[in-house]
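Just so it is clear: in the sequence shown, position 25 is 1468 by the numbering used here, and no numbers are missing. Data block below; observations after.
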Amino acid sequence: MASVGASDINKWVELTFDFSSFSNIYMNNIVIKIGGANTSQGDIYFFDDIKGPELYTSPAVAYNPADSSTDISISTNLEIATNDTFRDLDDSDITDLTAKVALKLGDENGADVPFSATINSDKNKITIDPTSVLSNSTTYWYGVVDNSIEYSNDTAVTGVSASFTTKVAVTGDINEMLFDFDTTNQDLAFTSWGGTGFAKIANPDPTGINTSANVGEYTHAGNDSGLENDLVGGATPLTPFDFSETPFIKVKVWVSKPVGVSIKLQNYPDWRQGHEQKIDVTETNTWVELVFNYGAITATNYDRAQIYFDKDRTGGSVAGDKYYFDDYLKSNVPPAVENTFSPADTATDVTQITNPTISSSFQFRNLDDSAITDLSDIVELRETNASGAIVPMNAFLSDNNSIITIRPASLLSTNTVYWYGIKDNVIEYAETDTAIAGVSATFTTSSTAITMVTYNDFDGTSLTSVSESMGDPAAPYTTVTDPAGGSNMVQQWDKGNSWGGWERIHFELNAPFDASKDDIFSFRVYSPVKTGIRFKLADAKEDGDITAQFETDEEIILENQWQTVYFDTSELADEVSFDHIFIFLGRGDSQDTTFYIDDVKGPQLQGTASVDDFNTNEFFLYPNPTQDIIYIKNLEGNKEIRIFDVNSKEVFRKTIETNELSIKSLKPGFYFIKINNQYKKLIKK
């Protein structure tokens, strides 16, 4: 910043701005701002002769961590960025960085350190992700292998490397208070961008685990906004978190009803860089301490804290509801581990398409502290018990290393007991270095078999009037023989890069499917990459014509082999009328990819129904539209009430005896209300 004094007005003055402390290689815009107490709207100023340093005549690079930096987190990822782009030597896009980048101990001649590497979609940033956390007090070298890739001007990349030294290991327990409203940042306010209220007040319940004098009061705004720590002198008072040292964020809360409590740690000023976690609080009217595990987060630039109570309002919060929080701290002291099973242990009547999961409050890793890359010898699915027959399956680990999902290779048998779990003493908890044992559960499947019909097997069986590719242009979509060597025919889709990666396959059924049946859909998919799937049902093809739809996501976890994916749509109302299916493979990914699909199945078809059919019943609702209470006329006795949104998802269920119903918890909008199997339209103001 520079200023013009009173003696410099009404004449040309040369101003100098010093940017020598900034090393941003992307700076390519000059913005001139004029302000101050002596400026007002409509003032006219003049400028001329803008000068600056030499422009880059060749691509520049930047490193994170910076070259020769010290005190670096052992969980950091490494980035090499350019103000140009990187590409392969044959001018093609980089898709594989094997042998093109390196990470070594000490210097470029040191021992190799295992890692994976990726390049962003703009092709100007390479990220190196070490397979395991780095060692403390150790120097590392990373860089691009000379002459293995090039810039966009055909110049080979050479001499691009940096080194850094990691932090000294911490010892002992760390419990560092961030905010406690009594001694640490005691007068720092929390602010909101959406109306959530904050006040520092006397502790309304100084008992149990929290007898401190003052706490933070959170007043819900009736929306999804929350609170974040205020700034001091235009900067956040927090130093950036190092989750390799203090992976746990702890906060005490007091709630009057069961709600989810979320915290988000993020960068200031770039709030888009951050990570959010949620814990459901079931203990009410007492102080409880929540522990959020950030141990899997490698970012080292988060320096602002947020908190939300009932962000999605599934707990029924309305504007004015008050909650309380205190003792927001970071720690390296782990809580007791908690493991959750789905299906729950000894659960019954479990669907045949279930994908059992084991979720932990800790991270899973190998006994040698390396990251788990293959679960095939770590988890098992068996019939009856831990000694029963092995059930073929695949398993994968979540990005945060704390959720194991088991996907059976085929539908489970009906009325059968299954056991699933982690084999004893083959992996450990990362937070405590403790070998895992005794982590397993059993469940029993439903006695009723799922029934599906084939919509299209691409061998002649078809209940579809349209089977096509959608994109701009529509990608090639042809019937070919099985790429895995089978004699059957399948559909090949050469997905392109239009629509931001949201190209799709579209089927129009001969009639809407019968949603009163099993509500299970499936298809087989063969993919060269692990990627995401979106499955969509709708009442029309074009987005502008769709009045109701349902979407759900799944994952492709196997490369270059067939897998069957299942979709459970049982939350749909039985009376929906959907006759269009959309399959998004590689959802949101604009990379050109060839996929194959086969054996599209779902519930049996039924006759077409219209929205007007919902209005032929005899009971009446008033007032309609309404803001809070509706009254039911011409219907006596017990009433089983279900309310569905315009996408046919159930959002409310209740049984009442009176003719009065509160819908205060619903968001404003258009709904269908079902009372004793009769339908009406309902509008919430």
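Yeah, the Cβ is synthetic: ideal placement off N, Cα and C, and Gly gets one too.
Can you tell me which of the three DSSP states D1565 falls into?
D1565: coil per DSSP, three-state reduction.
Exposed or buried, which one is A1958 when buried takes at least 16 other CB atoms within 10 Å?
buried
Please name the residue or residues paired with N2077 in a DSSP beta bridge.
Answer by DSSP bridge pairing: none, since N2077 is not bridged.
Going straight from the alpha carbon of W1730 to that of N1646, what length do you get?
11 Å
By a C-beta neighbour count over all protein chains shown, 10 Å radius and 16 as the cutoff for buried, is P1573 buried or exposed?
buried
Between the Cα of Y1386 and the Cα atoms of V1761, L1818, S1606, N1744, which residue gives the shortest distance?
There is simply no residue 1386 to check, as the chain begins at 1444 and stops at 2128 in what is shown.
Rounded to whole angstroms, what's the CA-CA distance from P1683 to Y1469? Just pull it up for me.
24 Å
If we count the other Cβ atoms within 10 Å of its Cβ and call it buried at 16 or more, is T1639 buried or exposed?
buried
Runs of 3 residues minimum, wholly inside the stretch 1888-1950: which ones carry the beta strand (DSSP E) assignment?
1896-1899, 1907-1913, 1920-1924, 1932-1938
Pull the bridge partners of L1432 from the DSSP assignment, please.
Examination of residue 1432 is not possible in this model, given that the chain is present from 1444 through 2128 alone.
Output the distance between the C-alpha atoms of S1446 and F1460, rounded to the nearest integer angstrom.
10 Å
Return the chain-ordered list of same chain residues with a C-beta closer than 6 Å to the C-beta of A1917, the five sequence neighbours on each side being excluded.
none
T1857 versus P1701 - alpha carbon distance
35 Å
Which same chain residues, not among the five before or five after V1896, have their C-beta less than 8 Å away from its C-beta?
The residues are L1906, K2044, G2045, P2046, Q2047, L2048.
Along the chain, where does the beta strand (DSSP E) that runs through K1765 open and close?
1765-1774
Of the listed residues D2071, D2022, Q1749, N1552, nearest to N1953 (C-alpha basis):
Ranking D2071, D2022, Q1749, N1552 by Cα distance to N1953 puts D2022 first.
Where P2111 falls, given that 16 or more other Cβ within 10 Å makes a residue buried:
exposed
Distance between beta carbons of I1571 and I1562, contact taken as under 8 Å
With 8 Å as the limit, I1562 and I1571 do not qualify as a contact, their Cβ atoms being about 11 Å apart.
As an exercise, report each continuous beta strand (DSSP E) stretch of at least 3 residues that is fully enclosed by the stretch 1538-1626, in chain order.
Taken in chain order, the whole beta strand (DSSP E) runs of length 3 or more contained in the stretch 1538-1626 are 1544-1548, 1558-1562, 1568-1573, 1582-1587, 1604-1609, 1618-1622.
Compare the C-alpha of S1813 against each of R2030, S1578, T1783, L2028 and name the closest.
S1578
Please list, in chain order, all residues of the same chain as V1776 whose beta carbon is under 8 Å from its beta carbon, the five residues on each side excluded.
D1616, I1617, N1618, F1691
Through-space distance from D2041 to N1899, alpha-carbon basis
Distance between the alpha carbons of N1899 and D2041: 8 Å.
Below 8 Å CB to CB, which residues in the same chain sit around D2071 once its five sequence neighbours on both sides are set aside?
Listed in chain order, the non-local C-beta contacts of D2071 below 8 Å within the same chain comprise S2105, I2106, K2107, local neighbours out to five positions each way being set aside.
Taking 8 Å as the cut-off, does the stretch 2000-2015 touch the stretch 2075-2085 (at least 3 CB pairs, one atom from each stretch)?
As far as the Cβ criterion goes, the stretch 2075-2085 does not touch the stretch 2000-2015, which means the pair count is below three.
When you compare only the Cα positions, how much space is there between D2035 and E1946?
11 Å
Going by beta carbon distance, what residues of the same chain come within less than 8 Å of V1923, once the five residues before and after it are set aside?
Around V1923, the same chain offers M1932, V1933, Q1934, Q1935, Y2039 as residues with beta carbons nearer than 8 Å, after the five sequence neighbours per side are excluded.
State buried or exposed for A1480, treating a residue as buried only when at least 16 other CB atoms are found within 10 Å of its CB.
exposed
Would you identify the three-state DSSP class for S1450, choosing helix, strand or coil?
helix
Which same chain residues, not among the five before or five after F1686, have their C-beta less than 7 Å away from its C-beta?
Excluding sequence neighbours, F1686 sits near S1518, Y1737, G1738, I1740.
Helix, strand or coil: how does DSSP classify G1864 here?
strand
Go through its chain and collect everything with a Cβ distance to K1984's Cβ below 6 Å, but skip five positions before and after it.
H2023
Should I1473 and Y1488 be called a contact, given that it needs their Cβ atoms to be closer than 9 Å?
no
Alpha carbon to alpha carbon, how far is D1937 from I1412? Give it in angstroms, no decimals.
Look at the range of the chain in this structure, 1444 to 2128, and you will see that residue 1412 is not part of it.
C-beta contact flag for F2027 and F1993 at 9 Å
no
Identify which residue in N1552, T1525, D1514, I1846 has its Cα closest to the Cα of Y1499.
T1525
E2093 and A1981 - do their beta-carbons sit closer together than 9 Å?
no
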